[in-house]
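Student: Got a structure here, written out as structure tokens. Questions coming.
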Amino acid sequence: MLTARGWWFILCNFFLLAAGLLGQSRLLILTGFTLMFWFCGEALLFAVRACLVVPRLRLVRLVQDERGPVTSLWAERSFEVRVTLHVPGFLSLPFVVVKDLVPFQAGEVVGDPTATGRVDLGRPLTVTYHVQFNAAGVARFEGLAVQMADWQGLFYHAAFVRQAVVLRVLPRLVDDRGRRATSKRYNLLPPPGIHRLRRPGSGSELLDLRDYLPGDPPKTIAWKVSARRDKLITKEFESEVPVRCTLFVDTSSSVRVPAARGTALARLIDIAAGVIQANSSARDLTGLCLFDEQGTSTARPDRSPARVTAMLGMLAEAAALAPTAGRVDPDTLVPLAHAFAQEVYPDLMRPSINAMPWYLTWVAAFPGAWRRRASALRYLFRRKEKLLIGGLFAVPILVAMVAMGFLFYTGISLRHLELLLPLAMLVMMWVFRWPLLVLVIGIEMLFILTTLISGRERRLARWRKRLAALLAVRYALGPGGLALLLEDEDQLSLYLQRFLAEHHVPYTLPLYDEAGRYQFTSPEKVDVLATALLRSIGKGHDNELFVLLADLLELDDRLEPLLKAVRVALGRHHQVMVICPWPPGLPLPGKTEGAGRLSPSAPLPLSVRAATVRRFHEGFARLKRVFGRLGVPVICAAGGDPVPLILERMERLRGLGWKR
Amino acid sequence: MSQSVVDDPNRSSAARRYQLIALLALLLIFVVLLESGEEMMSLIVLLLGAVAIAFRWAIGPALVLLLLMLSLTDWRQLFRNLERLISPRASRLFYWDGMTGATPLTEVVLAMAVLAFVIAQYRLLSLTRNAFPPDGRRPTPGPGPAPPPQLRDARLLEENEIAFLAVTLPLWTGIAFFFWFAMSLYRVDWFGLTPEAWRILLTIWLAGAGLIGTRAIVGYLGLRRATEAEARLYLQDQIWRQTRREQARIDHWLTRARMRAQQREEGT
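Chains as they are written, first to last, in numbering that gives the first Met the number 0: chain D, 0 to 659; chain V, 0 to 267.
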């Protein structure tokens, strides 16, 4: 609570008073008392405000556009955020600085999200700024950081008024390029959303004429033809069914991995959103199936605006998903999570309720078991408690055991052991005093050295303990949760990822585990996708288009279930397309970069990049070959514009479905 | 300090107001020191204090307090008392001599002047240098411009702020004087304690007891007002502190068993 200025003042006043008391100067004593009483009064007033007013602060948040408050946002559109801080009681805060924690996903912030002022009853403090998001996702407004100080700057208090508001950022509205061509290609263009099928049905276009059968409705009799042929002839009409398109969007960890220019998932979401909106404008039915390693989330084909908005909301929530990996070193996440927790949860990170005792920072170490290879310093740091105890107790125990062995060896009975054992120990300790002394001092010196030079490790251990306590309470892990998270690195890492993902804090994870395996391949999703595709085929009608927006690169040896499902779809006269996400920044398939041979003398970054490019190109070529055998086109998501391609395929389905 | 901060007319006006108050207080201190016969020190205090006000030194108040201490302390008496304190014959402490002082008016003027100087100078610093300590979590800035300091908004200066200051000075000075003289009302005759020694002991005892009591009350009220999450966190922390080693041992073996099972699965 005291600032450096406050500490300096206390120190000087202490010297003043001490000099006055020891030097017996009433001038100094009375001056010192005056300053001391004034300081105590200011401290009391400040503490009352910090303890009684700050916890009662309330905020009202309003996110609006030019037409009024909104409940969901759109990408690439600007919205005004207005946050008002109220104090309900009669006490006031004379000087506060508030700062709204802008969501990390915000692309552009116009205006200042901070405000300075006084907060009184009836005189709230307001922060206003404009925010724009560049991509679909979720915007989480955590709350307002409140900093409070007195007029002199002697006291300081930081708090956070938490009031999380989560708004979906829907994908951007499709521009004219994304819409379908409106030129009339065929003379008989059915209404949008309707596809003529050359099968007998209840449509309006004539399909064929046939002999009358008993039971045919009389209104279908073609009277002129019947008169010419002198027998009853019945008209058969075409069947009219709506065109349907189902999008399968991959939301597994493999597409959530962040890169310098965004994630592959963001591109897939953009494509899916474009298709949904374009189809909706043409009154075609569009369904959506989001899948990852665990399961699916499905929206049946529909074209109503409410369902389209719901599907866009599903896409927005999927776009906000963060990658998860089970075997990540928590030390890569602890600094970020600790800084964020200190900002947003200052009440739960207070040293009075959540601290690492100072003596434990020097003695305790965790975890006891770990998977990754640790440096010598880290190894010694994590074993320092054992070093300390070993140095103090292991040597006497060792001496006792050797003494007991010696006594047993000499055949002394157990009755005399009680008397002789201490004696033998003393004799042994005296005989081997120098080696034992060197051993004990060596172990303890190792402990002291390790403890002294491992400042970063101590800091990380302190942060880890405080975070573990916070996570254990937040996720209701029970009384033993804190110790569990301290000992189990994998659990701590998973909970840290969950904590950061829930607050939509962007974080990076290592791509490879301790054994050098890529952590985000997610092969389980192939089975999930195959099952979802079969389910959609089972529920589908004729002539549907299934678009698989999935990262299947380097999974060509595990594609068999999916290929079977695709064969079933094709056998049912459906059409299938595969759109493969492409890492942002890599040259597109077919480009020359990375196709050449790797030069051994090339710099390492260039070699790595060339190898990566080649790996992706070869994976894409294999995928194209595998699906090409079935006649299924594979398109790179980064190349050209997949949305018009999908719409073109829909057009073909609409007009030329019978030419299939 | 950014250019906009310097150019802000509201801020300049408010800063001038507090500079004027601090200078007036400094002049009063100078007069009191001059009257006490400290010609050289009074000039030094005046000079350094004025420089601190003009250049808005953060160390200004501390500097003036220390200079005041240097000038008004009877060092011979102080060292004699120190020698008595550290002497093994501690009973000599109780034979404390009488206090040296000035006229009550001088004492009142000095106390009020020093308080006015300290308040004015600190408020000036809040307006022109920084009102909040820098955030230690932020990384040190690179070659780019340093982040601007968080200042007190000059528009928030209240009309009655100076009036409050004028009331504050006699109030706290009066309380201090009352406290000092109230302590002399209750006298004891233990071990031949002089009244001054008794006051000093009483002061130290009251300060210590006040600190401990305040700490205990604030801590208790903090626990009473804790939210559910805070209470659970506190209890969990206590459990962990008491059973840390036992829990660590159990969890350590559970973790090892899980990791071994994973390794076996991956091996097959």
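In this text, a Cβ means the ideal position worked out from N, Cα and C, and glycines have one as well.
What is the C-beta distance between residue 251(D) and residue 521(D), in whole angstroms, given that I count them as a contact (C-beta under 8 Å)?
Tutor: 4 Å
Student: Just curious, the alpha helix (DSSP H) that residue 559(D) is in, first and last residue?
Tutor: Residue 559(D) -> alpha helix (DSSP H) spans 559 to 570.
Student: Per DSSP, residue 245(D) is paired with what?
Tutor: Assignment of beta-bridge partners to residue 245(D) by DSSP yields 286(D) and 545(D).
Student: Flag residue 366(D) as yes if its beta-carbon sits less than 9 Å from any beta-carbon of chain V, otherwise no.
Tutor: Chain V contact via Cβ: present.
Student: So residue 433(D) is in the alpha helix (DSSP H); what residue range does that whole segment cover?
Tutor: 432 to 452
Student: Please determine if the stretch 480 to 497 of chain D and the stretch 318 to 325 of chain D are in contact, where contact requires at least 3 C-beta pairs separated by less than 8 Å.
Tutor: With contact defined as three or more Cβ pairs closer than 8 Å, the stretch 480 to 497 of chain D and the stretch 318 to 325 of chain D are in contact.
Student: In the DSSP assignment, what residue or residues form a beta bridge with residue 57(D)?
Tutor: 85(D)
Student: With a cut-off of 9 Å, does the C-beta of residue 275(V) fall near any C-beta of chain D?
Tutor: Nothing about residue 275(V) can be reported from this structure: the residues present for chain V run from 0 to 267 only.
Student: Determine the DSSP secondary structure at residue 203(D), reduced to helix, strand or coil.
Tutor: strand
Student: According to a CB-to-CB cut-off of less than 7 Å, which residues of the stretch 602 to 623 of chain D neighbour chain V?
Tutor: none
Student: Give the straight-line distance between the Cα atoms of residue 481(D) and residue 491(D), rounded to the nearest whole angstrom.
Tutor: 10 Å
Student: Terminal residues of the continuous beta strand (DSSP E) containing residue 50(D)?
Tutor: First-last for residue 50(D): undefined, no H or E at that position.
Student: Output the distance between the C-alpha atoms of residue 14(V) and residue 210(V), rounded to the nearest integer angstrom.
Tutor: So the alpha carbons of these two residues sit roughly 35 Å apart.
Student: Between which residues of its own chain and residue 168(D) is the CB-CB distance below 6 Å, once the five residues before and five after are set aside?
Tutor: 72, 74, 132, 135, 136, 138 and 315
Student: Using the C-alpha atoms, what's the distance from residue 63(D) back to residue 58(V)?
Tutor: 47 Å
Student: At the 9 Å Cβ level, is residue 29(V) part of the contact set with chain B, yes or no?
Tutor: Among the protein chains of the structure shown, namely D and V, there is no chain B.
Student: Which residues bound the alpha helix (DSSP H) around residue 99(D)?
Tutor: No alpha helix (DSSP H) contains residue 99(D), which is instead part of the beta strand (DSSP E) from 92 to 99.
Student: With the cut-off set at 9 Å, would you say residue 466(D) and residue 333(D) are in Cβ contact?
Tutor: yes
Student: Tell me, please, whether the stretch 265 to 276 of chain D touches the stretch 626 to 645 of chain D by the rule of three or more beta-carbon pairs shorter than 8 Å.
Tutor: yes
Student: Answer with buried or exposed for residue 65(D), where buried requires no fewer than 16 other C-beta atoms within 10 angstroms of its C-beta.
Tutor: exposed
Student: Would the beta-carbon of residue 588(D) fall within 9 Å of that of residue 619(D)?
Tutor: yes
Student: List, in order along the chain, the chain V residues whose C-beta lies closer than 7 Å to that of residue 486(D)?
Tutor: 247, 250, 251 and 254
Student: What three-state label does DSSP hand residue 73(D) in the structure shown?
Tutor: strand
Student: Nearest by alpha-carbon distance to residue 25(V): which of 35(V), 160(V) and 42(V) is it?
Tutor: Measuring from the Cα of residue 25(V), the nearest candidate turns out to be 42(V).
Student: Give, in chain order, every residue of the stretch 45 to 74 of chain V whose Cβ lies closer than 8 Å to some Cβ of chain D.
Tutor: Of all residues in the stretch 45 to 74 of chain V, 57, 58, 60, 61, 64, 65, 67, 68, 71, 72, 73 and 74 have a Cβ within less than 8 Å of some Cβ in chain D.
Student: In terms of residues, what are the limits of the beta strand (DSSP E) holding residue 577(D)?
Tutor: 574 to 579
Student: Excluding the 5 residues flanking residue 12(D) on each side, which residues of the same chain have their C-beta closer than 8 Å to its C-beta?
Tutor: 31, 34, 35 and 38
Student: Need the endpoints of the beta strand (DSSP E) that residue 499(D) sits in, please.
Tutor: No beta strand (DSSP E) contains residue 499(D), which is instead part of the alpha helix (DSSP H) from 488 to 501.
Student: Given that a residue counts as buried once 16 or more other Cβ atoms are within 10 Å of its Cβ, and exposed if not, what is residue 6(D)?
Tutor: exposed
Student: Could you tell me the distance, in whole angstroms, from the CA atom of residue 60(V) to the CA atom of residue 149(D)?
Tutor: 17 Å
Student: Output, in sequence order along the chain, the residues in the stretch 211 to 229 of chain V whose CB is closer than 8 Å to any CB in chain D.
Tutor: 217, 218, 220, 221, 224, 225, 226, 228 and 229
Student: Using a Cβ-Cβ cut-off of less than 7 Å, give me the residues of the stretch 343 to 354 of chain D that come near chain V, in sequence order.
Tutor: 346, 347, 351, 352 and 353
Student: Can you check DSSP and say which residues form a bridge with residue 142(D)?
Tutor: 161(D)
Student: Of all the CB atoms in chain D, is at least one closer than 9 Å to the CB of residue 238(V)?
Tutor: yes
Student: Is the Cβ of residue 517(D) closer than 9 Å to any Cβ of chain V?
Tutor: no
Student: Taking 7 Å as the limit between beta carbons, can you name the residues of its chain near residue 261(V), skipping five residues before and five after?
Tutor: none
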